[in-house]
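Undergrad: If you scroll down you'll find the structure; I have some questions about it.
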Amino acid sequence: MKISTLVEEKELLALQQELYSYFKTGYAFEEFLKEYLLKMGLDEVEVTQRSRDGGIDLTAIRKGVGDFSEIDIVNYFIQAKRYALNNKINVKTIREVKGTIPFGYKGMLICTSDFTDDAKKEAINDPSKPVVLINGKSLVESCIDNGIGFIFKPIFSSTQMDNFIKKDKSLNSNNVKNAISIDNKDYIEKTITSNDVRARIISIPSSIIKLLSATNEKIDVIINNDKKYTLNIDKGRRYLGGVTKILREYNLLSVDNIITPKNAKWHIDKTTNLIQIIIED
Numbered sequence: 001m002k003i004s005t006l007v008e009e010k011e012l013l014a015l016q017q018e019l020y021s022y023f024k025t026g027y028a029f030e031e032f033l034k035e036y037l038l039k040m041g042l043d044e045v046e047v048t049q050r051s052r053d054g055g056i057d058l059t060a061i062r063k064g065v066g067d068f069s070e071i072d073i074v075n076y077f078i079q080a081k082r083y084a085l086n087n088k089i090n091v092k093t094i095r096e097v098k099g100t101i102p103f104g105y106k107g108m109l110i111c112t113s114d115f116t117d118d119a120k121k122e123a124i125n126d127p128s129k130p131v132v133l134i135n136g137k138s139l140v141e142s143c144i145d146n147g148i149g150f151i152f153k154p155i156f157s158s159t160q161m162d163n164f165i166k167k168d169k170s171l172n173s174n175n176v177k178n179a180i181s182i183d184n185k186d187y188i189e190k191t192i193t194s195n196d197v198r199a200r201i202i203s204i205p206s207s208i209i210k211l212l213s214a215t216n217e218k219i220d221v222i223i224n225n226d227k228k229y230t231l232n233i234d235k236g237r238r239y240l241g242g243v244t245k246i247l248r249e250y251n252l253l254s255v256d257n258i259i260t261p262k263n264a265k266w267h268i269d270k271t272t273n274l275i276q277i278i279i280e281d
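Residue numbering for the sequence shown is 1 to 281, as defined by full-length UniProt numbering.
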């Protein structure tokens with residue numbers, strides 16, 4: 001569970017104001033962003049320009065995974081605005097950002113306030129120059145969930161302790177067809193990592209790879225005893241592809257492309273080759 005989901009809207013708004021007020025200048029916001037973007041998995045974060053209105057231009061890269069880390073690189077042009085909460089970013093600003101995105105770069109705009117509806121539409125209306133928008137609320141939620149600048153008083157929860165010990169009570173339900181029983185020890189735990197999510201894949205546990213047919217290009221997968229998907233298997237039998245919808249539905253990848261790694265339990269039926277995955281909250 002994301003901690004930010006426990007925070008009420010009114011509290012989020014107050015925290016958003018506190019975050020804005022903390023950064024007395026655009027330069028202070030700049031220092032934060034360099035560390036924040038590194039924490040979010042970007043690399044080589046560099047400030048290229050500053051403006052008097054609190055705006056900052058940065059560039060960064062996101063490396064690929066595994067053997068492709070140095071050749072599968074995504075370049076980002078990032079503009080940030082330290083704006084008061086009532087000062088929304090308008091469509092004109094989005095167009096200006098698009099006009100300054102270098103060739104071969106993806107755009108990103110981060111602000112402490114919010115965006116007008118027209119600005120949000122403008123950000124996605126040209127697939128060749130998309131601009132990822134991160135508003136003040138999303139920035140606060142991301143900081144909360146990643147332990148950046150926020151502390152919380154621990155409260156004991158018997159429900160959370162039950163979930164930790166029993167994992168998921170629904171797994172013991174006889175009403176769920178093909179459910180993985182919590183008493184069934186024939187499962188493998190493997191984290192769906194940040195690198196997996198960035199590459200829009202789910203890496204397959206090695207013990208399950210050994211059981212897959214060398215000729216299969218697709219395989220049926222049931223997620224959380226709920227939905228069934230037919231997914232692609234790469235030629236090396238190392239990962240499942242075509243999983244972006246799953247990553248978003250189970251909150252590993254937010255609409256703002258914030259990544260949340262999660263632990264998962266895997267089980268394969270050796271007779272039918274049906275894979276079952278339980279993605280934990």
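Cβ coordinates follow ideal geometry from the N, Cα and C atoms, glycine included. Every value quoted in this text rests on a predicted model; they were computed, and no experiment measured them.
Look at ILE3 and ILE144 and say whether their C-beta atoms are less than 7 Å apart.
TA: As a first step, residue 3 must be located in the sequence shown, where it is residue number 3. As a first step, residue 144 must be located in the sequence shown, where it is residue number 144. It is a contact, given that the beta carbons lie within the stated cut-off.
Undergrad: For LEU252 and LYS262, which I take to be in contact (beta-carbon distance under 8 Å), what is that distance rounded to the nearest angstrom?
TA: Here residue 252 is taken as the residue at index 252 of the sequence shown, counted from 1. Here residue 262 is taken as the residue at index 262 of the sequence shown, counted from 1. Sure, about 6 Å apart at Cβ, within 8 Å.
Undergrad: Could you check what DSSP says for residue 287 in three-state terms: helix, strand or coil?
TA: Residue 287 lies beyond the stretch modelled for the chain, which goes from 1 to 281, so this question has no answer here.
Undergrad: Take TYR76 as the anchor and find which of ARG82, LYS88, ILE101 and ASN90 has the nearest alpha-carbon.
TA: Within the sequence shown, numbered from 1, the residue matching residue 76 stands at position 76. Answer by Cα proximity: ILE101.
Undergrad: Would you mind stating whether CYS111 and LYS63 have Cβ atoms separated by less than 7 Å?
TA: Within the sequence shown, the letter at position 111 stands for residue 111. Within the sequence shown, the letter at position 63 stands for residue 63. Taking 7 Å as the Cβ cut-off, CYS111 and LYS63 do not qualify as a contacting pair.
Undergrad: Could you check which residue in ASN125, TYR22 and TYR187 has the C-alpha nearest to that of ASP269?
TA: As a first step, residue 269 is located in the sequence shown; it is residue number 269 there, counting from the start. That would be TYR187, whose Cα lies nearest to the Cα of ASP269.
Undergrad: What do you reckon, are the CB atoms on LYS88 and LYS129 nearer than 7 Å?
TA: Start at 1 with the first residue of the sequence shown, and residue 88 comes out as number 88. Start at 1 with the first residue of the sequence shown, and residue 129 comes out as number 129. For LYS88 and LYS129, no; Cβs fall outside 7 Å.
Undergrad: Quick one: which unbroken alpha helix (DSSP H) runs of 4-plus residues sit fully inside the stretch 217-266? Chain order, please.
TA: List check, alpha helix (DSSP H) in window: 244-249.
Undergrad: Please report the distance separating the alpha-carbon of GLN49 from that of GLY241.
TA: As a first step, residue 49 is located in the sequence shown; it is residue number 49 there, counting from the start. As a first step, residue 241 is located in the sequence shown; it is residue number 241 there, counting from the start. Distance between the alpha carbons of GLN49 and GLY241: 38 Å.
Undergrad: Around the C-beta of ALA179, are 16 or more other C-beta atoms found within 10 angstroms, so that it is buried, or is it exposed?
TA: The sequence position of residue 179 within the sequence shown is 179, counting from 1. Because the pLDDT at ALA179 is just 45, under 50, the model does not fix this residue reliably, and the value given afterwards should be weighed accordingly. Flag for ALA179 reads buried.
Undergrad: Specify the secondary structure class of MET161 as computed by DSSP and reduced to three states.
TA: Position 161 of the sequence shown, counting from 1, holds the residue named residue 161. In this structure, MET161 counts as helix in the three-state DSSP scheme.
Undergrad: Hey, LEU109 and TYR20 are a contact pair by Cβ (cut 8 Å); roughly how many whole angstroms apart?
TA: Position 109 of the sequence shown, counted from the first residue, corresponds to residue 109. Position 20 of the sequence shown, counted from the first residue, corresponds to residue 20. Not confirmed; about 16 Å, so no contact.
Undergrad: Specify, as a first and last residue, the run of the beta strand (DSSP E) that LEU133 falls within.
TA: Taking the first residue of the sequence shown as 1, we reach residue 133 at position 133. Taken as a continuous stretch (DSSP letters only), the beta strand (DSSP E) holding LEU133 covers 131-134.
Undergrad: Counting along the chain, where does the beta strand (DSSP E) carrying LEU109 start and finish?
TA: On the sequence shown, position 109 is the one that residue 109 refers to. From DSSP, the beta strand (DSSP E) with LEU109 extends over 105-111.
Undergrad: Compute the distance between the beta-carbons of ASN232 and ILE279, then report whether it is under 7 Å.
TA: Residue mapping note: residue 232 aligns to position 232 of the sequence shown, counting from 1. Residue mapping note: residue 279 aligns to position 279 of the sequence shown, counting from 1. No. Outside cutoff.
Undergrad: Alpha carbons only, please: which of ASP234, VAL255, LEU247 and GLU30 is nearest the one belonging to GLU217?
TA: Looking up residue 217 in the sequence shown gives position 217. Taking only the C-alpha atoms, the option nearest GLU217 is ASP234.
Undergrad: Taking all protein chains shown into account, decide if LYS169 is buried (16 or more other Cβ within 10 angstroms of its Cβ) or exposed.
TA: As a position in the sequence shown, residue 169 is number 169, starting the count at 1. Bear in mind that a pLDDT of 45 at LYS169, under 50, signals an unreliable position, so the number given afterwards is only what the model happens to contain. Exposed is the call here.
Undergrad: On the three-pair Cβ rule with 8 Å, is the stretch 143-159 touching the stretch 4-19?
TA: Yes, they touch.
Undergrad: ARG237 to ILE208, Cα distance in whole Å?
TA: Counting from 1 along the sequence shown, the entry for residue 237 is found at position 237. Counting from 1 along the sequence shown, the entry for residue 208 is found at position 208. Approximately 10 Å between the Cα atoms of the pair.
Undergrad: With distances taken from CA atoms, which of SER158, LYS245, LEU139 and PHE156 is nearest GLY149?
TA: Working through the sequence shown from its first residue, we reach residue 149 at position 149. Residue LEU139 is the option with its Cα nearest to GLY149.
Undergrad: Within its chain, find whatever has a CB closer than 8 Å to the CB of LYS228; leave out the 5 residues flanking it on each side and keep chain order.
TA: The count along the sequence shown starts at 1 and reaches residue 228 at position 228. Excluding positions up to five away in sequence, the list reads ASP220, VAL221 and ILE222.
Undergrad: Measure the C-alpha to C-alpha separation of LYS137 and ASP256 and round it to an integer number of angstroms.
TA: If you number the sequence shown from 1, residue 137 lands on position 137. If you number the sequence shown from 1, residue 256 lands on position 256. Answer to the nearest angstrom: the Cα atoms are 11 Å apart.
Undergrad: Based on the DSSP secondary-structure assignment, which residues constitute the bridge partners of LEU212?
TA: Walking along the sequence shown from the start, residue 212 turns up at place 212. Per DSSP, none; premise fails for LEU212.
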